[in-house]
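The block underneath contains the structure these notes are about, expressed in structure tokens.
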Amino acid sequence: MNILGIHGGVTINQHDAGAALIVDGKLICVVEEERLIRIKTATGALPIESIAACLRESGLTMQDIDVVVLAGETYEDIIPRTAEWLKHHFGTSPRIEKINHHTAHIASAFYHSGLDSAMCISVDAYGDGLSGAIAIGSLQTGINILETIPANNSLGVFYSTMTSFLGFRPGEDEYKVMGLAPYGNPSIDLSFFCKPVPEGFFCDPKFFRSRKSATSLEPYYSKLLLDQLGNPRRKGDPISEIFKDIAASTQLTLETSLVSLVTKAFKMTNEKALCLAGGVALNCSANRLLYNLPFVNELFVQPASSDRGLPLGCALFMAFICGEKIEPIPHVFYGPSQSPKEIESAISISGVSATKVENPAIEAAKRIATGEIVGWFQGRSEFGPRALGHRSILANPTIANMKDQINAKVKFREEFRPFAPSVLEEDSYDMFEIKNPSPYMTVAYNVKNPWNTIMKSTTHVNNTGRVQTVDSATDPHFYNLINEVKSFTGCPAVLNTSFNIKGQPIVEKPLEAISTFYGTGMDSLFIGNYLLTKNKTKI
Amino acid sequence: MNKLNSKSVVMGLMTAMTNNQHDSAACFVLNGETLGCYEEERYVRYKHAYGHLPIQAISAGLKAHNLDIRDISIVAIPTLKHVDLVPRTRLFLEHYFGYSPKIYPVNHQVSHMASAFFPSDFEEAMLISADGQGDYESLALGVGKRGTLQSGSGIKVLETKGIDQSLGIFYQTLTQYLGFSGAGDEYKVMGLSAYGNPGAVDLSSIIKVATTDYLINPEFLKRDPMPRNIGEPRFGSSLLAEFGPARLKGSPLTQKNRDFARAIQDNFENAFISTVRRLHEMTGIRRIGLAGGCALNCLANMKLLDLPFIEDVFIQPASTDQGSALGAALIASFDLGIEPKTIENYYLGSSYTDNEILKSLKVSGVKYEFCDNVAFQAAKALQDNRIIAVYNGRSEFGPRALGNRSILANPINVNIKNEINQKIKFREEFRPFAPAVLGEKCGEIFNSKTISKFMTITSKVSEDWRSKIPGIVHVDGTARPQAVWKKDNESFYNIVFEFHKLTQVPVVINTSFNVMGEPIVETPLDAIKTFFGSGLDDLFIGNYHLTKNRD
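Okay, here's the thing in structure tokens:
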């Protein structure tokens, strides 16, 4: 059975369009529209290019698709409208089913987790009139939604509103607030706006503006919030202590509210494994607290937990309903395949000189060890917001000023934000307070002594790192690279940040990698088996 | 309204506050003089910047003109009827800039008309604004007259048409039917139309054109439920019942598709001409200014220029909604008692100093060399059939690169179009590239009353030149030239001049410096990035030269 999950463009403010294809229970392709149309978050876009990519990857046509699934059960005209644009762009429209937004989120986490049963929580800003849901997931009975949270009580909107107040972009820059939080004291009482209560959490909607027609660039806060907290920070202004304290208080409020919600979910389900999805689940600092809760013995966070994960959740949900046996999903490398010919063609079009290397992992490791900033483009792209070794910029985390170097030459981003490490799984237990593999950078763990001082460029001010553990079975290529780095530096880790320029999506195609390489201060680029360097370029 | 004081500036904003609004921009007018116009798409790197507030555009303008937000006396927005845009604009200005000047809403179509009149050198002109829709209108006819500050007339609207008679939606919807995007692919249909047979497809069920008016049957151009997204088709079953299935994007183009494109273009032109004729009958004026998205149709513009009763045509180069921000600012200036001045050139965007260029070259770490004779080196490279990019000074306002952010190539080379398409632009082979021509040589090469400095009007290439410059002649014998004058852009003029000296051809291919789907490059790093991310051979950036060795 061929099941296509899609998301995006139903309302003009929808973001993170994408598509996922499952054939006979096997995930074939997941890709986000932003990667293909080169517009971050692809707000308002229909998932046309991502659907086309899924079809190409599988060799199927739209006529072969048995069912299209999308999230948005409360949109009355969503099915006829979708049918029309599918016909327009693909010549035909299969049967279309709509499911609830949060059901899709929960499915994306639970069916990806490999767990037999779990308490499942979706938390985001809003979708289908809800800001979250609690469910029990079971491989026998599927997903059973136990409770939903109305959209006017929204943890996601609370955090986005505070993001807007702090002069960052809501819906996108929340991670900056999270990164800023450890620099401040959580001394500001925000309980007037949001607080944990026995039923979970309570957010007072009068402190944010109605989002009905507004764009994400307009301020989210209402005047009442300014009456409470004073003037908001203007974008680009220096970040004074008070704003750091507000960031810290925002993060603490989110964390205590989430803990309250998870505690409640545990009481309802008595399950010790936790599956999380929805945009709020991107908060890797809060995830650490949930992971450390005494009654939680396993945590799976959907790597694409924001709306980027909806197409996958839709397809997985339908696959289960249809009785398909869902095959394990061991990684996130489900982007469109690139052939070596495409790489060669891109190099030839650009006209730059490239050297074929026998063993890119060894050569890259050498360069990383000596302090180079290396572009690493290998295999199929990752789905979700994190580059996990297929579209990554890599560097040596033991070099003290590496963070500043990358910020000054490549990423041009705020200095307070940390970079994340990718670490050999078997070594990670010595280096982090971690009990299970964490292959998707979804949780920030405490870094153990002395690694916190060794990995200077990937340890945040609060002594945490959003680690990716890399095992040799799942990604031998990337594993080898880190292993080689270890032999040079003694530290089994690389700094790993996404292969893109600020404000742009992660590179998808070889030519984009080449242009981004030259449009930044990266030193060398490994693209498949080819090495590009700047001083060797014959220009 | 209060008179302006000497420091106060009018800022026009296209705010694009819904995701279906596009081309957000900020324009700055001081004492009637247009200081600068900044398009958000260039900074956010997202073509047309759908749904993006002009935050970076405002910042760029304030910085470039050394202004504080409090120096702005009035913010003009080209929207009168969407009343919530006034408080929303005020709120976002306060949020990002800490202060909001007074917001002054101007009718959308009037804003377009103002952008087509005040910047021209006409004393008096017929004016037409034609687009998809704006302020619930799709067409406005009027007259502009200078020296009318006392009477307060300036621009007089004579007639408007509603959305159901929209020529923009007519063209856009049928563009979708032909399998192209409704978000700006109309120019592809225009390019394709030259390959179609006139009269082969009858569109009279959709549009009827008489001598001085047209009538659209809107039933063919809408559907139920209403599409809310630019990717959804606007048309419904009635159009399919009448004309058969729509072309699937990417499928091969048939002769029937080409004939259909021809019918769209011909009917559009005829409807446009009939409208001009009516306006001329009403006013007796022989000059005309055009703006609104429909004014991008350079082929129709040529037909207007051919009309016996038309002496001259001015097309606002930024004729889509970024230009409405300019027009609104000009109206506000007029209403404040200062008549806006002519705009000589549209190099109105940001510029970057030599130091900034050098810094970017160093960040990238690429090899470059200082070049003290860019014009000659560039011309020589062109003669050698290298495809080059030039980057200089302030960026262009509007969709056309006019020599400051341009890709240039040798039009003598028969294969050049394919080469540019395969290595850089990756676009449909049926679309022509445009020439930049030494101003004083235009008369020899083109048969036309006037040659635009801004690539807004197609012209017939004279018979004896067609075979000499095959790279820029479209299948119908036309081209969309830019007349390059020394006084407007000396460094660009010098390149074409040197190329002329080397080859006896005063023409180079000029296409915008970007890759498919991206806006024109803005910063030096954008330029370096695009140079290496495409098959360009040389980049001349300020006084620096980057080159790729081709084996």
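Protein chains in written order, with the numbering used here: chain U, 1 to 539; chain B, 1001 to 1551. Quick reminder that beta carbons are idealized off the backbone N, C-alpha and C, glycines included.
Backbone CA spacing between residue i and residue j [nearest angstrom]
i, j, result
"U:S285", "U:D124", "16 Å"
"B:E1232", "U:K341", "34 Å"
"B:E1311", "B:K1303", "12 Å"
"U:G351", "B:A1381", "16 Å"
"B:P1252", "B:E1429", "12 Å"
"U:Y440", "B:L1093", "39 Å"
"U:T250", "B:N1107", "43 Å"
"U:K486", "U:S50", "37 Å"
"U:G379", "U:A52", "19 Å"
"U:V447", "B:H1082", "54 Å"
"U:I347", "B:P1432", "27 Å"
"U:F266", "U:F192", "26 Å"
"U:I501", "B:F1446", "44 Å"
"U:D66", "U:L252", "46 Å"
"B:A1375", "B:D1488", "16 Å"
"B:S1166", "B:A1057", "30 Å"
"B:L1235", "B:N1217", "Before going further, note that residue 1235 of chain B is Phe rather than Leu in the sequence given. Going from the Cα of B:F1235 to the Cα of B:N1217 covers about 12 Å."
"B:V1437", "B:N1392", "18 Å"
is_contact[residue i, chain B] using C-beta, thresh 8 Å
i, result
"U:Y126", "no"
"U:V352", "yes"
"U:A133", "no"
"U:A75", "One point to set straight first is that residue 75 of chain U is Tyr, not Ala, in the sequence displayed. By this cut-off, U:Y75 is not an interface position."
"U:K98", "no"
"U:Y445", "no"
"U:H112", "no"
"U:S515", "yes"
"U:G91", "yes"
"U:H88", "yes"
Contact under 8 Å by Cβ, residue i with residue j
i, j, result
"U:H101", "U:L130", "yes"
"U:S470", "U:E425", "Here residue 470 of chain U is Val; the residue named in the question, Ser, does not match the sequence. Yes, the Cβ-Cβ distance between U:V470 and U:E425 is below 8 Å."
"B:P1411", "B:P1435", "yes"
"U:R377", "U:L531", "According to the sequence as given, residue 377 of chain U is Phe; it is not Arg. Not closer than 8 Å, so no."
"U:V30", "U:F383", "yes"
"U:K409", "U:G521", "yes"
"B:F1180", "B:A1389", "no"
"U:A281", "U:V301", "yes"
"U:T269", "U:I136", "yes"
"B:V1521", "B:N1514", "yes"
"U:H7", "U:P385", "no"
"B:K1341", "B:E1124", "no"
"B:S1274", "B:T1175", "no"
Within-8 Å CB hit, residue i to chain U
i, result
"B:I1554", "There is no way to answer for residue 1554 of chain B, as the model of chain B reaches only from 1001 to 1551."
"B:N1002", "Interpretation of B:N1002 is limited by its pLDDT of 44, a score under 50 that renders its predicted location unreliable; no figure is taken from the coordinates."
"B:L1091", "yes"
"B:P1225", "yes"
"B:F1170", "no"
"B:A1246", "yes"
"B:V1366", "yes"
- Meets three-Cβ-pair contact criterion under 8 Å: the segment 1030 to 1050 of chain B and the segment 225 to 245 of chain U: Fewer than three beta-carbon pairs drawn from the segment 1030 to 1050 of chain B and the segment 225 to 245 of chain U are found closer than 8 Å, and the two stretches are therefore not classed as touching.
- Message: With three or more beta-carbon pairs closer than 8 Å as the criterion, would you say the segment 1063 to 1082 of chain B touches the segment 1319 to 1338 of chain B?
- Response: yes
- Item | In chain order, each alpha helix (DSSP H) run of at least 4 residues that lies wholly inside the segment 1030 to 1102 of chain B | 1040 to 1044, 1055 to 1064 and 1085 to 1097
- Message: Taking 8 Å as the cut-off, does the segment 212 to 223 of chain U touch the segment 152 to 167 of chain U (at least 3 CB pairs, one atom from each stretch)?
- Response: Using a C-beta cut-off of 8 Å, the segment 152 to 167 of chain U makes contact with the segment 212 to 223 of chain U, since at least three inter-stretch Cβ pairs fall below that distance.
- Touch check for the segment 423 to 440 of chain U and the segment 363 to 372 of chain U: three-plus C-beta pairs under 8 Å? no
- If we count Cβ pairs, one from each stretch, closer than 8 Å, do we get three or more for the segment 287 to 306 of chain U versus the segment 394 to 411 of chain U? Taking a contact to require three or more Cβ pairs closer than 8 Å, the segment 287 to 306 of chain U and the segment 394 to 411 of chain U do not qualify as touching.
- Query: Hey, which unbroken runs of the alpha helix (DSSP H) at 4 residues or more fall wholly within the segment 1447 to 1491 of chain B?
  - Reply: 1463 to 1466
- Message: Tell me whether the segment 114 to 121 of chain U and the segment 170 to 184 of chain U touch, counting them as touching only if at least three CB pairs, one residue from each stretch, are closer than 8 Å.
- Response: no
- State whether the segment 1492 to 1502 of chain B contacts the segment 1011 to 1024 of chain B, with contact taken as three or more CB pairs (one from each stretch) at a distance under 8 Å. With the cut-off at 8 Å, the segment 1492 to 1502 of chain B and the segment 1011 to 1024 of chain B do not touch.
- Message: Just to confirm the assignment: which complete beta strand (DSSP E) runs, minimum length 3, are found wholly within the segment 1112 to 1155 of chain B?
- Response: 1124 to 1134 and 1137 to 1145
- Complete beta strand (DSSP E) runs within the segment 444 to 498 of chain U (minimum length 3 residues, chain order): 468 to 470 and 493 to 498
- Contact between the segment 35 to 46 of chain U and the segment 1258 to 1277 of chain B (3+ Cβ pairs under 8 Å): Segment contact: the segment 35 to 46 of chain U against the segment 1258 to 1277 of chain B, fewer than three CB-CB distances shorter than 8 Å; contact not assigned.
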